[in-house]
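Working notes, beginning with the structure itself.
Number of protein chains: 2
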Amino acid sequence: MLILLVEDDAVLAAQTIDFLNAEGIEVDYAATLGRAKEIAAQTASFDKYDAIILDMSLPDGNALSLLQQSLAGFDAPVLFCTAATDLDDKLAAFAAGALDYITKPFALPELAVRVKLLAGKVSKCNQVFELGSLHVDFSAKIVRRGNRTIVLSPQQWQLLTLLAEQAPTPVSKAQILRHIWPDSEVNNNMYKSLLTRLRHNLSRDNEPSVIQTLKGQGVALRESS
Amino acid sequence: MLILLVEDDAVLAAQTIDFLNAEGIEVDYAATLGRAKEIAAQTASFDKYDAIILDMSLPDGNALSLLQQSLAGFDAPVLFCTAATDLDDKLAAFAAGALDYITKPFALPELAVRVKLLAGKVSKCNQVFELGSLHVDFSAKIVRRGNRTIVLSPQQWQLLTLLAEQAPTPVSKAQILRHIWPDSEVNNNMYKSLLTRLRHNLSRDNEPSVIQTLKGQGVALRESS
DNA sequence: CTATACTGTTACCTTGTGGTTACCATGCTA
DNA sequence: TAGCATGGTAACCACAAGGTAACAGTATAG
Chain A
13 MLILLVEDDA
23 VLAAQTIDFL
33 NAEGIEVDYA
43 ATLGRAKEIA
53 AQTASFDKYD
63 AIILDMSLPD
73 GNALSLLQQS
83 LAGFDAPVLF
93 CTAATDLDDK
103 LAAFAAGALD
113 YITKPFALPE
123 LAVRVKLLAG
133 KVSKCNQVFE
143 LGSLHVDFSA
153 KIVRRGNRTI
163 VLSPQQWQLL
173 TLLAEQAPTP
183 VSKAQILRHI
193 WPDSEVNNNM
203 YKSLLTRLRH
213 NLSRDNEPSV
223 IQTLKGQGVA
233 LRESS
Chain B
13 MLILLVEDDA
23 VLAAQTIDFL
33 NAEGIEVDYA
43 ATLGRAKEIA
53 AQTASFDKYD
63 AIILDMSLPD
73 GNALSLLQQS
83 LAGFDAPVLF
93 CTAATDLDDK
103 LAAFAAGALD
113 YITKPFALPE
123 LAVRVKLLAG
133 KVSKCNQVFE
143 LGSLHVDFSA
153 KIVRRGNRTI
163 VLSPQQWQLL
173 TLLAEQAPTP
183 VSKAQILRHI
193 WPDSEVNNNM
203 YKSLLTRLRH
213 NLSRDNEPSV
223 IQTLKGQGVA
233 LRESS
């Protein structure tokens, strides 16, 4: 992941860059508005960046102008950042197209989280779960096994996502019951049927099973061993 | 736009609801975690909401548990909100799946902006959408399939753009109903008719269908596989 | 003002879901 | 060994959800 940091305070910038690097985020750095605009010109409106952190108060002008000028081609999401707690500033930033806002002083871990969220939102970084030949795309709600696309019923999808989230940790029967039938009286057979059906859909023919039962502990999503 | 507010402070809740209503945002309200869970059960994991504002400290438990329990089926984005400025709280919330975080006391206009952002209302509408032989030009409002130009009714155009924005992620029936018939009591048949008509217009003869139904999950714009 | 198209409504059909029952396999315990 | 608990499978079927066509009232355009 590559982001652009526009910030005039050299010390803060250095700290931020160090922290983000440690999180696995690469950072390009511009200390002034002028430098940021140069980069914009070179990179076709920040095309290459997953996100931009923009300090509001820069020595050579207000950062809002950057958003407003370049907004047309802006592909990268912008996180605004300023010392001012003034509400009008915030609203102006959002109005100009910022997607998030953080006030100084901020904690670096929080900044990192927000940057990752921003970058993920736009790149539609679909959360995907893979296990052997099983492939689950959570946002698009697609399940594939090898090159075969699998259609799951609502209940089966719910169960699969629950298992995938916890995998390879087993999920107890009680948890599953509560999760899928939150209110109604639950019959143990419903649970058994659901599991059988999901198993059947996930491994046709003689593909290896991916749902393992641990007696008394529940059910886990892992490769057969 | 419809959101869910989970907040135990009745005064603050009333103020928030008033303000959001004035912004054109409808608000459902839950004062306790228990009530929120009831709503979750009724509405198939908050399917009908565009966003959820969740107060961290509730009388009957910590709101994080709601996220963790129900996360599997969570369609709506969550904005966390709390009096604590404790960094750990923030990070825990983000880790649990929150997409934004705001600390009390907050300014209502800022909350409104963040909610709108979350709900995706500010989605950047791509100029052109393509899928197989289907070609949609949003700004010119033209739809083509191969070399045949297609004319859509207003409703059908609305639906197509909604689907295209989210593609290939499926859009739930609840979302569609709210988007196309925002106020009126909606009849399920209207939805069925609209879908049939759009399908019919988009694929005459024996062109492959581009609108896939995922049982219980909604409808998605993707190539038939 | 007339013709056309849009949209809400009804009726009917198809499909798949999911609760249910019945039966079998395994492993533990008395 | 019988008895029981846990877990797996298959088949049945009521019923809800989805799909289609036809009709009518109303809006819209020419």
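Residue numbers (the numbering used here), protein chains in the order written: chain A, 13 to 237; chain B, 13 to 237.
Idealized CB from N, CA, C, for every residue including glycine.
Output the distance between the C-alpha atoms of residue i and residue j, rounded to the nearest integer angstrom.
| i | j | result |
| --- | --- | --- |
| A/Ile51 | A/Cys93 | 19 Å |
| A/Leu143 | A/Ser69 | 48 Å |
| A/Ala107 | B/Ile37 | 18 Å |
| B/Pro121 | A/Asp40 | 32 Å |
| B/Ala95 | B/Ala105 | 13 Å |
| B/Asn199 | B/Asp67 | 34 Å |
| B/Asn201 | A/Ile162 | 28 Å |
| B/Val140 | B/Thr115 | 39 Å |
| B/Leu99 | A/Arg216 | 47 Å |
| B/Leu130 | B/Leu78 | 19 Å |
| B/Asp8 | B/Gln27 | A question about residue 8 of chain B goes unanswered here, because the residues of chain B that appear run from 13 up to 237. |
| A/Ala53 | A/Ala75 | 16 Å |
| A/Val18 | A/Arg47 | 9 Å |
| A/Leu164 | B/Ser205 | 25 Å |
| A/Val90 | A/Tyr203 | 46 Å |
| B/Arg160 | B/Leu210 | 15 Å |
| A/Phe118 | B/Leu103 | 13 Å |
| A/Leu24 | A/Ala43 | 11 Å |
| B/Leu175 | A/Glu197 | 37 Å |
| A/Tyr113 | B/Asp30 | 24 Å |
| A/Asp195 | A/Lys153 | 25 Å |
| B/Ala22 | B/Leu16 | 14 Å |
| A/Arg190 | B/Gly228 | 20 Å |
Which residues in the same chain as residue i place their Cβ atom closer than 8 Å to its Cβ, once the five residues preceding and following it in sequence are excluded?
| i | result |
| --- | --- |
| B/Ser135 | At B/Ser135, the pLDDT of 45 sits below 50, so the modelled position is not reliable; the number obtained from the coordinates is stated separately. Closer than 8 Å at the Cβ level, and outside the excluded window around B/Ser135, lie Glu177. |
| B/Gly230 | Pro182, Val183, Ser184, Lys185, Gln187 and Ile188 |
| A/Glu235 | Leu143, Gly144, Pro220 and Val222 |
| B/Leu207 | Leu171, Ile223 and Val231 |
| B/Pro180 | Ala232, Leu233 and Arg234 |
| A/Leu146 | Val155, Arg156, Arg157, Leu214 and Val222 |
Consult DSSP for residue i and reduce its assignment to one of helix, strand or coil.
| i | result |
| --- | --- |
| B/Leu120 | helix |
| A/Val163 | coil |
| A/Gln229 | coil |
| A/Ala63 | strand |
| A/Arg234 | coil |
| B/Ser184 | coil |
| A/Val155 | strand |
| A/Val222 | coil |
| A/Ala48 | helix |
| A/Leu111 | coil |
| A/Asp40 | strand |
| A/Asp149 | strand |
| B/Ser69 | strand |
| B/Glu142 | strand |
| B/Thr94 | strand |
| B/Cys199 | Looking at the sequence itself, residue 199 of chain B is Asn, so the reference to Cys does not match. Coil, per DSSP. |
For the putative contact between residue i and residue j, defined by C-beta atoms under 8 Å, what is the C-beta separation to the nearest angstrom?
| i | j | result |
| --- | --- | --- |
| B/Leu32 | B/Asp72 | The Cβ separation is near 24 Å, so there is no contact. |
| A/Ile192 | A/Gln167 | 6 Å |
| B/Val14 | B/Asp62 | Rather than Val, the amino acid found at residue 14 of chain B in this sequence is Leu. Yes, they are in contact, since the Cβ atoms of B/Leu14 and B/Asp62 sit about 6 Å apart, within 8 Å. |
| B/Arg157 | B/Leu214 | 6 Å |
Just to confirm my understanding: we take residue i, look at its own chain, exclude 5 residues before and 5 after, and list those with CB closer than 7 Å. What are they?
| i | result |
| --- | --- |
| B/Ala88 | Phe58, Tyr61, Asp62, Ala63 and Ile64 |
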